[in-house]
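Basically the working numbering = 1-based index in the sequence shown + 2.
For glycine and all other residues, C-beta sits at the position ideal for the given N, C-alpha and C.
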Amino acid sequence: MATLPLFQFASLGAPDTGAAVLFVGKSLTLGATASALDDKSAGAIKRAIKAADFKGGLLKTLQILAPAGLDLDQIILVGLGEEALTEKDFAALGGAAMGAAKGAKEISLVAEADGVTIDGAAASLMAMGMKLRAYDFDLYKTEKGKPKEAKAAANVTILSADSAAASKAWASDTVIADGTLLARDLVNEPANVLGPEEFAAKAKALEALGAEVEILEQAELEKLGMNALLGVAQGSVRAPRVAIMKWLGGKKGEAPLVFVGKGVVFDTGGISIKPASGMEEMKGDMGGAAAVTGLLHALSARKAKVNAIGIIGLVENMPDGNAQRPGDIVTSMSGQTIEVINTDAEGRLVLADLLHYSKETFKPRFMIDLATLTGAVIVALGAQNAGIFSNSDELCSRLSGSGEATGETVWRLPLSKEYDKMIDSKFADMKNTGGRLAGSITAAQFLKRFVGDVDWVHIDVAGTAMDAPKTEISQGWASGFGVRLLDRLVRDHYEG
Ligand code: BES
Ligand code: MN
Ligand code: ZN
Numbered sequence: 003m004a005t006l007p008l009f010q011f012a013s014l015g016a017p018d019t020g021a022a023v024l025f026v027g028k029s030l031t032l033g034a035t036a037s038a039l040d041d042k043s044a045g046a047i048k049r050a051i052k053a054a055d056f057k058g059g060l061l062k063t064l065q066i067l068a069p070a071g072l073d074l075d076q077i078i079l080v081g082l083g084e085e086a087l088t089e090k091d092f093a094a095l096g097g098a099a100m101g102a103a104k105g106a107k108e109i110s111l112v113a114e115a116d117g118v119t120i121d122g123a124a125a126s127l128m129a130m131g132m133k134l135r136a137y138d139f140d141l142y143k144t145e146k147g148k149p150k151e152a153k154a155a156a157n158v159t160i161l162s163a164d165s166a167a168a169s170k171a172w173a174s175d176t177v178i179a180d181g182t183l184l185a186r187d188l189v190n191e192p193a194n195v196l197g198p199e200e201f202a203a204k205a206k207a208l209e210a211l212g213a214e215v216e217i218l219e220q221a222e223l224e225k226l227g228m229n230a231l232l233g234v235a236q237g238s239v240r241a242p243r244v245a246i247m248k249w250l251g252g253k254k255g256e257a258p259l260v261f262v263g264k265g266v267v268f269d270t271g272g273i274s275i276k277p278a279s280g281m282e283e284m285k286g287d288m289g290g291a292a293a294v295t296g297l298l299h300a301l302s303a304r305k306a307k308v309n310a311i312g313i314i315g316l317v318e319n320m321p322d323g324n325a326q327r328p329g330d331i332v333t334s335m336s337g338q339t340i341e342v343i344n345t346d347a348e349g350r351l352v353l354a355d356l357l358h359y360s361k362e363t364f365k366p367r368f369m370i371d372l373a374t375l376t377g378a379v380i381v382a383l384g385a386q387n388a389g390i391f392s393n394s395d396e397l398c399s400r401l402s403g404s405g406e407a408t409g410e411t412v413w414r415l416p417l418s419k420e421y422d423k424m425i426d427s428k429f430a431d432m433k434n435t436g437g438r439l440a441g442s443i444t445a446a447q448f449l450k451r452f453v454g455d456v457d458w459v460h461i462d463v464a465g466t467a468m469d470a471p472k473t474e475i476s477q478g479w480a481s482g483f484g485v486r487l488l489d490r491l492v493r494d495h496y497e498g
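Right, here's the structure in full:
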């Protein structure tokens, strides 16, 4: 990971060295601090706005180098647009500023605008956006074969009206960002580096934050009867792992929130092998498990007042002499039998056993699973929304709210008896594919057969967690999708 900036918070005032980020409000007005700088530079800021025909549109930036009369290296103007700003806008504004300030070693962001209040929480969100934008996965880029020298971290100061409130909010926001970046790292790492065992070690590392982590190995999984999960793993020379991460910061004995993640470290498709073109992307088929790990990082690091458990199934889906065949029938841990029609529909097989195990073992308040489960959800929703499927209207509407607040948005798709019928099998209780139509829904119907009457949401993150577009707060591919969404769900509805 690239060296991340260091953040500090201070009261409003005019910065005099390095790069200054200033906001331009409606009708191109400047806040008091920015106006003072403009005066000091004999109107250089306003002249630059005019010369560049800068209109102050939301997230638009204008860079002014070596402004006359000031010791600043540069001023970066960021437009606030015309509309009321929401939380996700504040993070995006920080991201846009960071993008424009690329390479600057000292950045002062003046969280002030004419006619818009930027409170402590908003100032902290700007810092979060900056941190997320600064992340770049450059671990494997060398300087002509030699490891790159670590760059010194940039120093960022957020100057705001309520810097005490801002730095209080930051105590949480910075670790939520860390959780998001951990998820990105896991998704970005290639599968030769991050196999089931190595991923499990990353989960184990959460113990340093006070989480309890248990790793189940092959023999224990066999004893538990997780044959659906084991069937996926049997074509790989790398043995599977299940990692269970517990953060018990809530009331003793209170039913835990359970988060389940698909962690296919590489998905070749198995014997139903995928085409070569684009197969390298399947190193990201553990995006659900990465988000669960990042979430447990965030909850543990900010000592959330909640009992939360993350459980991830870590396997590699490979074709070899011992690989599972189409037509094979496996008995899942629940006792239900599954005919494997297509070995490339492996994620649901992994999740089936984890959902059953979680329901029986943890007696959860709810279960939410995250999985890069189907290509079909990308066709339906693109990267703009994750697909959600659920047996609980309340949980769905809460999750939608968290999506709107964080910008990690979700869209509900239907479940019904009629879709469920599509996965009935001639030879077993069910088959693992439902045909070409409604592919994301039949995958969700499959999972539903393992959740019993526990409140449950399945989030299909195939379009959002990996191969994601560049945004103001992400340089693309691995987004860390799900960490901020679920942290927010927990914070708003299940803490204290
Ligand atoms: N990991 C894939 C889904 C996927 C596709 C994730 C593209 C990210 C990007 C999953 O295991 C898979 O192969 N699903 C199949 C299911 C089919 C065989 C029923 C799919 O979507 O084609
Ligand atoms: Mn697959
Ligand atoms: Zn897969």
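Under the three-state DSSP convention, the category N190 falls into:
Position 188 of the sequence shown, counted from the start, is the residue given in the question as residue 190. Correct three-state label for N190: helix.
Across the segment 243-254 and the segment 269-287, are there enough close Cβ pairs to call them in contact, namely three or more that are closer than 8 Å?
no
Any non-hydrogen atom of ligand 1 closer than 7 Å to I443 Cβ:
Counted from its first residue, the sequence shown places residue 443 at position 441. I443: no, Cβ never under 7 Å from ligand 1.
Under the three-state DSSP convention, the category M132 falls into:
Along the sequence shown, one-based indexing puts residue 132 at 130. Helix, per DSSP.
Would you say the beta carbon of N319 is closer than 7 Å to some non-hydrogen atom of ligand 4?
Looking at this structure, you won't find ligand 4 anywhere; what it does contain is ligand 1, ligand 2 and ligand 3.
Could you compute how far the alpha carbon of K153 sits from the alpha carbon of F452?
By one-based count along the sequence shown, residue 153 stands at place 151. By one-based count along the sequence shown, residue 452 stands at place 450. Those two C-alpha atoms are separated by around 49 Å.
Beta-carbon separation of V177 and V308 under 8 Å?
Walking along the sequence shown from the start, residue 177 turns up at place 175. Walking along the sequence shown from the start, residue 308 turns up at place 306. Going by C-beta atoms, V177 is not nearer than 8 Å to V308.
Given the structure, does T270 come close to ligand 1, in the sense that its CB is under 7 Å from one of the ligand's heavy atoms?
If you number the sequence shown from 1, residue 270 lands on position 268. False, no ligand heavy atom lies under 7 Å from that Cβ.
Between T374 and ligand 3, is there a pair consisting of the residue's CB and a ligand heavy atom that are separated by less than 7 Å?
The sequence position of residue 374 within the sequence shown is 372, counting from 1. Yes, ligand 3 has a heavy atom inside 7 Å of this Cβ.
For M424, three-class secondary structure by DSSP:
Locating residue 424 in the sequence shown gives position 422, counting from the first residue. Reduced to three states, the DSSP call for M424 is coil.
E341 beta carbon less than 8 Å from that of A445:
In the sequence shown, counting from the first residue as 1, residue 445 sits at position 443. In the sequence shown, counting from the first residue as 1, residue 341 sits at position 339. No, they are not a contact pair.
Span of the alpha helix (DSSP H), counted from its first residue to its last, around G45
Stepping through the sequence shown from its first residue, residue 45 is reached at position 43. Careful: G45 lies outside any alpha helix (DSSP H) and carries neither H nor E.
Measuring only between beta-carbons, confirm whether L8 sits less than 8 Å from chain D.
This model lacks chain D altogether; it includes just one protein chain.
Determine, using beta carbons only, whether A163 and L14 come nearer to each other than 8 Å.
Your numbering for residue 163 matches position 161 in the sequence shown. Your numbering for residue 14 matches position 12 in the sequence shown. Result yes, Cβ atoms of A163 and L14 sit closer than 8 Å.
Alpha carbon to alpha carbon, how far is D287 from A378? Give it in angstroms, no decimals.
The sequence position of residue 378 within the sequence shown is 376, counting from 1. The sequence position of residue 287 within the sequence shown is 285, counting from 1. Taking the straight line joining both Cα atoms gives about 15 Å.
My output table needs one value for V317: the three-state DSSP class, helix, strand or coil.
As a working mapping, residue 317 is identified with position 315 in the sequence shown. Here V317 sits in strand by DSSP.
For K204, report the span of its alpha helix (DSSP H) as first-last.
On the sequence shown, residue 204 is found 202 positions in, with the first residue counted as 1. Here the alpha helix (DSSP H) through K204 covers 198-206.
According to DSSP, what are the bridge partners of D330?
Numbered from its first residue, the sequence shown carries residue 330 at position 328. Beta-bridge pairing links D330 to no other residue.
Distance between D75 and M100 (C-alpha atoms, nearest Å)
As a first step, residue 100 must be located in the sequence shown, where it is residue number 98. As a first step, residue 75 must be located in the sequence shown, where it is residue number 73. C-alpha separation (whole angstroms): 15 Å.
Compare the C-alpha of Q10 against each of A34, V317, A155 and name the closest.
For the purposes of this step, residue 10 is taken as the residue at position 8 of the sequence shown. The shortest Cα separation from Q10 among A34, V317, A155 belongs to A155.
At which residues does the beta strand (DSSP E) containing R243 begin and terminate?
Reading the sequence shown from its first residue, position 241 is the one you call residue 243. First-last of the beta strand (DSSP E) with R243: 243-250.
Which class does G286 belong to by DSSP, given the choice of helix, strand or coil?
Start at 1 with the first residue of the sequence shown, and residue 286 comes out as number 284. Of the three classes helix, strand and coil, the one that applies to G286 here is helix, per DSSP.
Among A16, E406, T466, whose alpha-carbon lies nearest the alpha-carbon of G384?
By one-based count along the sequence shown, residue 384 stands at place 382. Considering only alpha carbons, the answer is T466.
M369: first and last residue of the uninterrupted beta strand (DSSP E) it sits in
In the sequence shown, the residue the question calls residue 369 occupies position 367. Element bounds for M369: 368-373.
Classify P149: buried if its beta carbon has 16 or more other beta carbons within 10 angstroms, exposed otherwise.
The residue given as residue 149 occupies position 147 in the sequence shown. With fewer than 16 Cβ atoms within 10 Å of its Cβ, P149 is classed as exposed.
Where does V294 sit, in a helix, a strand or coil, going by DSSP?
Against the sequence shown, residue 294 aligns to sequence position 292. Helix.
A221 by DSSP, collapsed to three states: which one?
Looking up residue 221 in the sequence shown gives position 219. Reduced to three states, the DSSP call for A221 is helix.
Buried or exposed: which applies to N229, given that a residue is buried once 16 or more other Cβ atoms fall within 10 Å of its Cβ?
Numbered from 1 along the sequence shown, position 227 holds the residue referred to as residue 229. The residue is buried, with at least 16 neighbouring Cβ atoms inside 10 Å.
Which residues bound the beta strand (DSSP E) around Q477?
Translated into the one-based positions of the sequence shown, residue 477 becomes position 475. Looking at the DSSP string, Q477 is not in any beta strand (DSSP E), and its letter there is neither H nor E.
State the start and end residues of the unbroken alpha helix (DSSP H) segment that holds S442.
The residue given as residue 442 occupies position 440 in the sequence shown. Residues 441-450.
Count the CB pairs spanning the segment 180-188 and the segment 478-491 that are closer than 8 Å, and state whether there are at least three.
yes
Assign Y142 to one of two classes, buried (16 or more other C-beta atoms within 10 Å of its C-beta) or exposed (fewer than that).
As a position in the sequence shown, residue 142 is number 140, starting the count at 1. Y142 is exposed by the Cβ-count criterion.
Give every residue of the same chain whose Cβ lies closer than 6 Å to the Cβ of R240, excluding the five residues on either side of it in the sequence, and list them in chain order.
In the sequence shown, counting from the first residue as 1, residue 240 sits at position 238. G197, P198, E318, listed in sequence order.
Grab the span of the beta strand (DSSP E) containing A12 for me, first residue to last.
Within the sequence shown, the letter at position 10 stands for residue 12. Unbroken beta strand (DSSP E) run through A12: 8-13.
In three-state terms, what does DSSP make of F139?
One-based indexing of the sequence shown puts residue 139 at position 137. Three-state DSSP puts F139 in coil, outside helix and strand.
Whose C-beta lies closer than 7 Å to the C-beta of G498 among residues of the same chain, with five residues either side of it excluded?
Against the sequence shown, residue 498 aligns to sequence position 496. If we look at G498 and ignore the five residues flanking it on each side, its Cβ neighbours are K307.
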